[in-house]
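*Asks:* Pasting a structure here, questions to come.
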Amino acid sequence: MEVRRHRGWAVVDITGDLDMASAPALRTLILQLLSAGTRLIAVDLTATDFVDSTGLGMLVAALKRVRTHDGELVVVCPDPRLRRIFELTELVSVFGLRHSVDELPEFGA
2 MEVRRHRGWA
12 VVDITGDLDM
22 ASAPALRTLI
32 LQLLSAGTRL
42 IAVDLTATDF
52 VDSTGLGMLV
62 AALKRVRTHD
72 GELVVVCPDP
82 RLRRIFELTE
92 LVSVFGLRHS
102 VDELPEFGA
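Counting the sequence shown from 1 gives a position; my numbering is that position plus 1.
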């Protein structure tokens with residue numbers, strides 16, 4: 002997992018799988034971002050191959066945590082296969098699913 006900045010957002014790039022093994026690292030990273038004052042977080046699944054129920058649950062928990070800090074968390078997911086998971090679980094609108102980081106609203110520099 003790597004963090005980069007884009008349009009004022011902290012973009013967390015997930016490579017490989019978002020599952021039981023990797024979800025705790027994402028949770029820790031998001032908590033670190035919040036502690037550092039970051040309020041706009043995008044989880045980019047462009048390079049992600051698989052998301053399981055633990056990964057989805059972690060994203061929901063992270064969204065709740067970010068919102069308690071008056072922040073916003075969105076998910077970038079261009080892969081139709083992975084988007085289908087969000088559709089089936091009715092999480093598309095919850096996360097404001099984007100196809101690309103270029104769809105993120107611009108905040109600051």
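Glycine included, C-beta positions come from ideal geometry on N, C-alpha and C.
At what residues does the alpha helix (DSSP H) containing residue 69 begin and finish?
*Replies:* In the sequence shown, the residue the question calls residue 69 occupies position 68. Element bounds for residue 69: 54-69.
*Asks:* Kindly confirm or deny that the region 21-29 and the region 51-66 touch, where touching means at least three C-beta pairs closer than 8 Å.
*Replies:* By the Cβ criterion, the region 21-29 is in contact with the region 51-66, since at least three pairs of Cβ atoms, one from each stretch, lie closer than 8 Å.
*Asks:* Our contact map puts residue 43 next to residue 4 with C-beta atoms below 8 Å; I'd like the distance itself, whole angstroms only.
*Replies:* By 1-based counting over the sequence shown, the position of residue 43 is 42. By 1-based counting over the sequence shown, the position of residue 4 is 3. About 10 Å separates the two Cβ atoms, so there is no contact after all.
*Asks:* When we look at the beta-carbon of residue 30 and count the other beta-carbons within 10 Å, is it buried (16 or more) or exposed?
*Replies:* Start at 1 with the first residue of the sequence shown, and residue 30 comes out as number 29. Buried.
*Asks:* Start and end of the alpha helix (DSSP H) containing residue 95?
*Replies:* Residue mapping note: residue 95 aligns to position 94 of the sequence shown, counting from 1. Residue 95 -> alpha helix (DSSP H) spans 93-96.
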